[in-house]
Amino acid sequence: MRHRISVVALTAMVGVFLLFGGTALAGDTIKLGVAGPHSGDLASYGIPTVHAAELVVKDINAKGGVLGKKVELLVEDDVCKPEVATNTATKLVGEGVNVVLGHICSGATKAALGIYKEAKIVVMSPSATNPSLTQSGEYPNFFRTIASDDAQAKLEVDFALNTLKVKKIAVLHDKGDYGKGLAEYAKKFLEAAGPDKAEVVLFEGITPGAVDYSAIVQKIKRKGAEAVIFGGYHPEASKIVTQMRKKKMKTIFISDDGVKDDTFIKVAKKYAEGVYATGPKDVSKNPLAIKAREEHKKAYGSDPGAFYDNAYAAALALLNAIQKAGSTDYDAIVKALRTNLVDTPLGKIKFDKRGDAIGVGFAMYQVKDGKYVEVK
Amino acid sequence: MDYFLELFLGGLTRGSIYALIALGYTMVYGIIELINFAHGEIYMIGAFTALIVISVLTMLGWNQLAILAIATLAAIVWSSAYGFTAEKVAYKPLRGAPRLSPLISAIGVSLFLQNYVLLAQTSDFLPFPNLIPDFKFLEPYEGIVRSTEIVIYVVTAAVLVILTVLIKFTKLGKAMRATAQDRDMAMLVGVNVDRVISFTFIVGSATAALGGVLIASHIGQINFYIGFIAGIKAFVAAVLGGIGSMPGAVLGSLVLGWTESFFTGYISSDYEDVFAFLFLVLILIFRPSGILGRANTDKV
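Chains as they are written, first to last, in my numbering: chain A, -19 to 356; chain B, 29 to 328.
Next up, the structure:
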């Protein structure tokens, strides 16, 4: 008897869930998924995107939403790990998202993209810069509001050879998708510049999270490198820079937007001075960017963090595309993204055939008096 | 030759860092044959405790050396308390259980402490100030070796000597050796086994905390995850040297540090870890119980 009661209860419960599930699916909202690292040691890259999405959605909902429907946010954490990102993607697809803003890290994005592709969902990342994501042509559902790594590598190499006029360069990376990809492009561009202009004296991957990098630092010194181009994130960069400066090495350090993060300066402190890093172009004079920044200050009481403008632009572009497409149909959204210019904090943008935003690029920054300043 | 010396010293630094953590690992294993996976987390908690104390005392404008001394002391006391509690809560109830149970429990403690610090403190990297003063006599050699590294070498050697004396020549050390040899028999002849084990955890945690302060000073940054990687490397070093043996832990750590340093320096850092572990496998093929380990058939 008891057994039977529990079976009945279970059936009832499942029924109730199905009922709720059904209503949720038929709900009259546009679902915008937001995926990225919201906890863990790279959370500082992901949180600003959540903030941007929240602000854009609040704004748009206040103006009546998209296609007359309210926009609903579905925020999921992927801690920047590919193995977690696939679960994140599956979960978002299961919850019925219409479009996804994310993911943040290239490795995680790549892992998740296949799942979205099968479900025919448009994904737009504010920060995943791995070139093959768009250039391979494998993911027609992928768009991004940031230039790809080879653009960064090109800028780093041009800057080193033409502005700083150094010749012997050590290229290092952290063996990750992002860092290694960037380093390989840098090496390619350096080699293309010709042996009388540039010489790659060292090309190596370091082990992320190691307790000490003195061996590699000594090797940089021994190879006589005038500059180091590093592909990777700020924890390793600050350890290497600190050890180089403590060993009285003046070697120039050039890195990427994984290092153009205020945490780098906070951790490396005085040793961060003079370090170069590429980052998205300064858009501080764009009126929409100013508005976005003020909204952030008002809502969260602080300056926005990494990729905030890109995320803000991506959220606007996605929702605008749905509005222009007139539906949440995959093909219509893709077409709208490619044809309609949208006004964003990054300027007026649309997307090319491969999914890269036209008119978005990088600039070189240097740490001066504890702040990143654009190098003119 | 200079390059060789630099790599040698770099390897010595790495090795000493591993050794400071490996000593506690190996000591606990020697007494109760438990691979205490939470040991790396105790080291991380030591570093965090020191950072908090340093921040507070720096704001009060204390003398640098006094801050360092008090922060180290606080880290040792606090970490020891964690080590002691972890043993009482997670390992003692499982003392009669099959060997795997306390091992799983140790992994649980490790995850718990990591996430506890993540939630209670932050996920960000925090800068850790270097309070070890620059020694005057080292100035001509600054490009090669710094005072922090010298302090790490000296402290590692001192910890090894103190622990060896403690185990070989004190009454408590005798009780520890008895417990290690045969717990039941030790109990029968009146050794308070529970107290001996608690004491072992306290001493092990204290060395880990000391390591935490020194290593954080050397690296200049900490976060909740540093204990995991350092713990794994220290564990490998302890196995390499012969787990359960104190000099073995230090020797294994140094061998590992030098292997990594020379391999990076002369060949490539791309396969640094691969090579380090390959070396471990090779040594274990020829000496299955580690460089200084005794052959002991009844241990896993």
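From the three backbone atoms N, C-alpha and C, an ideal C-beta is built for every residue, glycine too.
Below-7 Å beta-carbon distance, residue i vs any chain B residue
i: Ile196 (chain A); result: yes
i: Ala23 (chain A); result: yes
i: Gly185 (chain A); result: yes
i: Asn202 (chain A); result: The amino acid occupying residue 202 (chain A) in the given sequence is Arg; Asn does not appear at that position. Output row for Arg202 (chain A): interface = yes.
i: Thr68 (chain A); result: no
i: Asp237 (chain A); result: no
i: Pro284 (chain A); result: no
i: Lys199 (chain A); result: yes
i: Val181 (chain A); result: no
i: Asp192 (chain A); result: yes
i: Pro28 (chain A); result: no
Neighbour-count burial assignment, residue i, 16 or more Cβ in a 10 Å radius
i: Asp311 (chain A); result: exposed
i: Thr325 (chain B); result: Reliability fails at Thr325 (chain B), whose pLDDT of 43 lies under 50, so the model's placement of it is uncertain and the value that follows must be treated cautiously. By the neighbour-count rule (16 or more Cβ atoms within 10 Å), Thr325 (chain B) is not buried but exposed.
i: Tyr158 (chain A); result: buried
i: Lys240 (chain A); result: buried
i: Gln223 (chain A); result: buried
i: Ile295 (chain B); result: exposed
i: Gly127 (chain B); result: Checking the sequence shown, residue 127 (chain B) turns out to be Arg, not Gly. So Arg127 (chain B) counts as exposed.
i: Val182 (chain B); result: exposed
i: Gln115 (chain A); result: exposed
i: Glu184 (chain A); result: buried
i: Thr192 (chain B); result: exposed
i: Phe314 (chain B); result: exposed
i: Ala185 (chain B); result: exposed
i: Phe156 (chain B); result: buried
i: Asn158 (chain B); result: buried
i: Pro325 (chain A); result: buried
i: Gly1 (chain A); result: Unreliable placement is indicated for Gly1 (chain A), whose pLDDT of 44 sits below 50; no coordinate value is reported for it.
For residue i, the three-state DSSP class (helix, strand or coil)
i: His153 (chain A); result: strand
i: Gln149 (chain B); result: coil
i: Arg124 (chain A); result: strand
i: Asp30 (chain B); result: helix
i: Leu320 (chain B); result: coil
i: Gly211 (chain A); result: strand
i: Leu321 (chain A); result: coil
i: Pro267 (chain A); result: helix
i: Val146 (chain A); result: coil
i: Ile186 (chain A); result: coil
i: Asp289 (chain A); result: helix
i: Leu159 (chain B); result: coil
i: Ala173 (chain A); result: coil
i: Ser19 (chain A); result: coil
i: Asp57 (chain A); result: strand
i: Ala343 (chain A); result: strand
i: Asp222 (chain B); result: helix
i: Leu93 (chain B); result: helix
i: Ser235 (chain A); result: strand
i: Thr3 (chain A); result: Only weak support is given to the placement of Thr3 (chain A): the predicted model assigns it a pLDDT of 41, under 50, and the value that follows is read from those uncertain coordinates. Helix.
i: Ser133 (chain B); result: helix
i: Pro106 (chain A); result: coil
Of the residues the options, the one placed nearest residue i, counting alpha carbons only
i: Ala236 (chain B); options: B:Ile73, B:Tyr31, B:Gly38 and B:Gly43; result: B:Ile73
i: Lys120 (chain B); options: B:Ile250, B:Phe307 and B:Val221; result: B:Val221
i: Met274 (chain B); options: B:Gly285, B:Met55, B:Pro155 and B:Phe165; result: B:Met55
i: Cys85 (chain A); options: A:Ile101, A:Arg334 and A:Asn110; result: A:Asn110
i: Thr122 (chain A); options: A:Tyr352, A:His83 and A:Glu136; result: Here residue 122 (chain A) turns out to be Phe, not Thr, going by the sequence shown. It is A:His83 whose Cα lies nearest to the Cα of Phe122 (chain A).
i: Asp369 (chain A); options: A:Val55, A:Val180 and A:Lys249; result: In this structure chain A extends from -19 to 356, so residue 369 (chain A) is not present and cannot be described.
i: Ala269 (chain A); options: A:His153, A:Asp192, A:Leu35 and A:Thr68; result: A:Leu35
i: Ala69 (chain A); options: A:Glu216, A:Val30 and A:Gly13; result: A:Gly13
i: Ser317 (chain B); options: B:Phe290, B:Gly272, B:Trp286 and B:Leu282; result: B:Gly272
i: Ala114 (chain B); options: B:Ala103, B:Ser129 and B:Val137; result: B:Val137
i: Val208 (chain A); options: A:Glu171, A:Tyr251 and A:Ala150; result: A:Ala150
Residue i at chain A interface by Cβ criterion, 7 Å
i: Tyr31 (chain B); result: yes
i: Leu35 (chain B); result: yes
i: Ala258 (chain B); result: yes
i: Gly38 (chain B); result: yes
i: Ile45 (chain B); result: yes
i: Glu61 (chain B); result: no
i: Asp301 (chain B); result: yes
i: Phe307 (chain B); result: no
i: Asn251 (chain B); result: yes
i: Phe227 (chain B); result: no
i: Gly124 (chain B); result: no
Whole-angstrom C-beta distance between residue j and residue i, which should lie under 8 Å
i: Gly248 (chain B); j: Ala195 (chain A); result: With 8 Å as the limit, Gly248 (chain B) and Ala195 (chain A) do not qualify as a contact, their Cβ atoms being about 17 Å apart.
i: Asp192 (chain A); j: Arg42 (chain B); result: 5 Å
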